[in-house]
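Working notes for the structure below.
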Amino acid sequence: MSRIKEFNLPDLGEGLTEGEILAWLVKVGDTIELNQPIVEVETAKAAVEIPAKWAGQVHAIFHPEGTTVEVGTPIIAIDTDPGAGPIESSTTGAPAGDLPTPSAASLAAVEVAPAEGAVEPGLIGGPAPGGRTAVLVGYGPRTTAAKRRPRKGAAPAQATVAPAAAPVQAAPTPVQAGPAVVAAVPTVNGNGRAAGPVLAKPPVRKLAKDLGVDLGTLTGSGPLGSITREDVQRAAAAPVAAEPLTVTAPGTSAASFGADREQRIPVKGVRKLTAENMSRSAFTAPHVTEFLTVDVTRAMKALDRLRDRREWRDVRVSPLLLVAKAVLLAVKRHPMVNSTWAGDEIVVKEYVNLGIAAATERGLIVPNIKDAGRLTLRELADAMTGLVQMAKSGKTSPADMSGGTLTITNVGVFGVDTGTPILPPGESAILAFGAVREMPWVHKGKVKPRLVTTLGLSFDHRIIDGELGSKFLRDIGDFLADPEAALLAWT
Amino acid sequence: MAKGDPGASTRGRRAAPRSRKAATGDPELVQLLTPTGERIESVTGPDGTEYRVDFTDEEYRGLYRDLVLVRKLDAEATALQRQGELGIWASLLGQEAAQVGSGRALRTQDMAFPTYREHGVLYCRGIDPIMPLGLFRGVDQGGWDPNEFKFNMYTIVIGAQTLHATGYAMGVAMDGKTGTDDGEAVIAYFGDGATSQGDVNEAFVWAGVFNSPLVFFCQNNQYAISEPLERQTRIPLYRRAAGFGFPGIRVDGNDVLATYAVTRHALDNARHGQGPSLIEAYTYRMGAHTTSDDPTRYRIASEVEAWQAKDPIARMKAFLEREQIAAADFFTEVDEQARREAVDLRERVLAMPNPEPATMFDHVYPNGSPLLDEQRAQFSRYLESFEGSAH
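Right, dumping it as structure tokens:
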């Protein structure tokens with residue numbers, strides 16, 4: 001038994017085929033104990049920490065953070081006897097900084113993808129049609145290509161499928177040409193079949209749908225001309241090469257509009273969640289958006305004076321802080337905007353969990369400040385700074401992102417004036433804060449250069465009427481136009 | 001029990017005990033040990049029953065040892081799953097007191113019907129803790145003899161075991177094994193989510209109508225996977241029993257002493273032929289539903305923190321320390337024993353042999369069957385069709 005042991009990514013939750021490395025909790029050279037957490041991995045079901053299987057010293061780490069790794073692939077090598085002196089020549093002993101390759105033995109153990117046609121969808125324990133894997137509980141697996149050991153005496157093409165498919169991939173693979181992509185083949189029906197209802201049993205229809213085969217283009221070989229499972233599979237397996245678009249050789253002047261010039265990015269993670277939330281919200285909550293342009297010169301001056309104060313010296317003070325304060329004060333005056341539509345009732349919340357939309361490397365996330373209405377301005381500033389740092393470092397926990405009641409999106413940082421934001425699901429109002437610009441503005445009867453911004457408020461019209469929405473937005477504007485007076489008047 | 005434990009006579013230095021009457025109608029818990037480890041001498045339940053325990057110091061220490069060992073072994077199993085050595089694991093973290101309290105209340109002749117999470121009860125029944133790990137590693141079907149240990153196989157189907165238990169309990173009554181001090185009783189474990197199942201409600205009906213010697217032990221851990229309790233019921237679960245015609249009571253499931261007292265009483269009622277009862281052990285699942293689940297998606301951290309303060313082991317430790325029933329060396333010794341048993345468990349799990357795939361045909365009929373023989377042959381040919389197969 002070698003003293004260097006490689007740990008393969010296990011199936012962390014009943015039938016998963018891959019996981020994304022979120023964060024390494026150890027680095028090469030670290031001494032680790034048995035069951036010490038070494039890596040955080042996110043699967044389709046959960047983000048979990050994996051405890052070390054052996055005590056020893058971290059010898060090599062095979063995949064950087066952010067990589068999606070297939071189950072069964074080595075992710076880390078551990079020297080289980082680091083006191084025994086240096087290691088003789090070994091494939092895992094790559095120089096520090098590089099991502100080393102796992103040993104040949106472990107590569108051989110990785111199952112390789114079978115050639116097209118070797119996959120038999122629908123077998124128990126095997127992949128479902130379309131490459132999905134059936135699971136009993138959880139949140140559903142990602143769509144993945146099915147894997148299986150090769151059959152004995154299969155076609156030679158199969159033998160050439162080398163372990164290239166496998167483990168060391170420094171960057172995430174963007175293009176995944178799964179069977180569903182290949183399958184949309186409009187096979188022309190030579191028999192000129194008369195238009196009319198297509199005969200096919202429901203499971204066959206399902207299979208055709210999964211494989212992207214149009215039943216109307218097939219000729220059935222079953223009883224009464226019905227389309228069989230085999231007909232569909234044959235159509236799905238038909239070669240794409242016959243497509244005329246592939247004629248153009250690279251380098252010629254005629255532009256290709258085929259798949260070679262398209263990038264396919266799998267929809268997953270934050271992108272997938274964002275898409276689901278936005279679609280759900282956009283098509284269930286009737287949104288209205290109102291705009292208000294405000295002269296914020298006084299507010300910006302007030303911010304400067306705040307920054308100058310000694311006790312605020314180390315605090316990050318941004319215009320967003322004043323907007324947040326304005327929103328919180330306006331909510332107190334119009335509690336109804338801080339509510340949820342719950343079907344047969346409206347839930348009005350006495351607490352404000354203020355969401356701040358943040359653009360991160362992983363995509364849009366909206367962490368929220370819990371019970372922000374109770375915070376002093378200083379506490380609010382600290383909370384916002386913490387929130388942003390957390391989001392930037394990717395450490396925002398699901399709890400930080402759940403339970404939001406009202407959100408601010410600071411589109412101004414991207415240099416645009418305003419927008420019509422979509423409500424986060426379960427919330428009834430969201431404020432877009434645009435860029436603060438120096439603009440010609442009528443001030444005390446004269447046109448003067450003033451600092452001006454535009455606020456955009458979207459709200460759920462089922463709960464909030466135009467009057468309430470307008471008053472709420474007006475109050476936010478009033479505060480930003482003259483924060484000192486608004487504070488005196490309202491608090 | 002470990003050697004070198006302090007002596008047993010300690011009554012004199014105990015603080016004056018409190019007594020308390022549980023308010024009627026309220027979903028109040030029967031509690032003998034508060035979250036801070038304060039001992040309540042006795043509690044009178046809504047029906048006038050007085051709940052109390054009278055343990056020796058050695059027994060108190062034994063309960064603590066059970067709690068710690070059960071938690072440690074469970075944590076080791078969770079780690080083994082994360083390392084790819086188990087297919088799945090349903091952790092009992094947070095529910096140790098409910099399981100040890102009820103498990104230790106069982107008498108040798110009593111029969112238990114578990115779900116798939118009752119590792120603590122299994123431990124109390126004297127079954128080798130390796131047994132369920134074989135099941136979740138996929139190398140056997142769970143290896144204990146239910147008749148030998150009076151502990152049925154783990155049941156994965158939610159709530160199904162309550163009907164098995166009801167049938168078993170009806171059998172016990174028909175065999176005339178109730179009505180004496182040494183009568184037999186049956187206990188059925190299930191969770192809050194299972195109370196929404198038809199099976200459980202049918203079991204309530206049958207056990208109630210036939211006055212079966214059965215204790216329904218519901219560990220209300222607040223979540224049916226991701227579904228919170230308020231979506232299971234509009235009334236406290238223990239009050240459901242009234243509608244089926246037998247008593248129900250809620251006990252602090254994080255209090256091993258109260259759980260023991262309440263379960264012992266219910267079991268004794270059953271063995272004396274006084275029919276079934278429902279115990280709702282109010283507790284909290286500190287971990288995930290199973291290793292396939294991510295609880296941060298549906299519950300907030302502050303809730304988990306609030307329950308952390310009610311930890312069953314911490315309160316028992318506080319009690320033992322305050323009453324000077326155990327000292328630092330005892331706690332160190334228990335931790336060391338837990339560590340040793342966890343290492344031992346790990347080594348034995350890793351050494352479990354993988355069964356030959358064809359052995360799945362072996363345990364269906366005692367003398368085989370032509371149909372299965374044919375299937376076995378087909379299956380063997382199928383396995384041999386793969387490259388690199390050892391067959």
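Quick note, the sequences are listed as chains A and B, same order.
Final position of the first sequence in full-length UniProt numbering is 491; the numbers increase by one with none missing.
Final position of the second sequence in full-length UniProt numbering is 391; the numbers increase by one with none missing.
Ideal Cβ placement from N, Cα and C applies to all residues, glycine included.
Counting along the chain, no beta strand (DSSP E) covers A:K206; the unbroken alpha helix (DSSP H) around it starts and ends at 202 to 211. Counted as a single uninterrupted DSSP element, the stretch harbouring A:N277 is not any beta strand (DSSP E) but the alpha helix (DSSP H) occupying residues 269 to 284.
The continuous stretches of alpha helix (DSSP H) do not include A:W441, which lies in the beta strand (DSSP E) extending over residues 437 to 443. Along the stretch 364 to 387 of chain B, going in chain order, the ones with a CB nearer than 9 Å to a CB of chain A are E384, S385, F386, E387.
Counting along the chain, A:P483 sits inside the alpha helix (DSSP H) bounded by residues 483 to 490. Residue pairing of B:Q161 in beta bridges, as defined by DSSP: absent, with no partner found.
For B:N269, the secondary structure class from DSSP, reduced to helix, strand or coil, is helix.
Counting the other CB atoms within 10 Å of its CB gives A:S339 a total of 16 or more, which places it among the buried residues.
Setting aside the 5 residues that flank it on each side, A:R298 is surrounded in the same chain by D482, each with a C-beta closer than 6 Å to its C-beta; the list follows chain order.
Between A:L406 and chain B, the shortest Cβ-Cβ separation is not below 9 Å.
Short of 7 Å from the beta carbon of B:D199, and not among the five residues preceding or following it, lie these beta carbons of its own chain, in chain order: G159, A160, T162, L163. Across the structure, A:P367 and A:V204 are spaced so that their CA atoms are roughly 45 Å apart. At a cut-off of 9 Å between C-beta atoms, A:K5 does not count as an interface residue with respect to chain B.
Sequence-ordered contacts of the stretch 280 to 295 of chain B with chain A read A288, H289, T290, T291, S292, D293, D294, P295 [C-beta pairs closer than 9 Å].
The three-state secondary structure of B:V139, taken from DSSP, is coil.
Identification of chain A residues near B:A79 by a Cβ-Cβ cut-off of 7 Å yields N35, P51, ordered along the chain. As DSSP reads the structure, A:W341 sits in a beta bridge with A:I346. Taking all protein chains in view, the Cβ of B:M153 is crowded by 16 or more other Cβ atoms within 10 Å, so the residue is classified as buried. In this structure B:G87 does not touch B:Y284 by the C-beta definition: roughly 26 Å separates them, more than the 8 Å allowed.
B:Y282 is a Cβ neighbour of B:R250, given a cutoff of 9 Å. Counting the other Cβ atoms within 10 Å of the Cβ of A:A429 gives 16 or more, which makes it buried.
In the DSSP assignment, B:T78 falls within the unbroken alpha helix (DSSP H) covering 57 to 82.
For the stretch 125 to 158 of chain B, the set of residues with a beta-carbon nearer than 7 Å to any beta-carbon of chain A is empty. Cβ atoms of A:E379 and A:G404 stay farther apart than 8 Å, at about 18 Å. Only exposed fits A:P86, as fewer than 16 other CB atoms lie within 10 angstroms of its CB. At least one CB atom of chain A sits nearer than 9 Å to the CB of B:R82.
Here A:G363 is bridged, per DSSP, to A:T360.
Apart from sequence neighbours up to five positions away, the residues of its chain that approach A:A275 with a beta-carbon distance below 7 Å are V267, ordered along the chain.
The beta-bridge partner set that DSSP reports for A:P86 is empty. Contact annotation: in the stretch 300 to 320 of chain B, residues whose CB is within less than 7 Å of a CB in chain A are I300, A301.
At a Cβ-Cβ threshold of 9 Å, B:T296 and A:A47 count as neighbours. Distance from the CA atom of A:M390 to the CA atom of A:L364, rounded to whole angstroms, is 13 Å.
Judged by DSSP in its simplified three-state form, B:M174 adopts helix. Ranked by Cα distance from A:R474, the first of A:V323, A:N277, A:E230, A:P286 is A:V323. Between B:L237 and B:E202, the CB-CB gap reaches or exceeds 9 Å. Chain-ordered, the chain B residues with CB closer than 7 Å to the CB of A:G13 read T291, S292.
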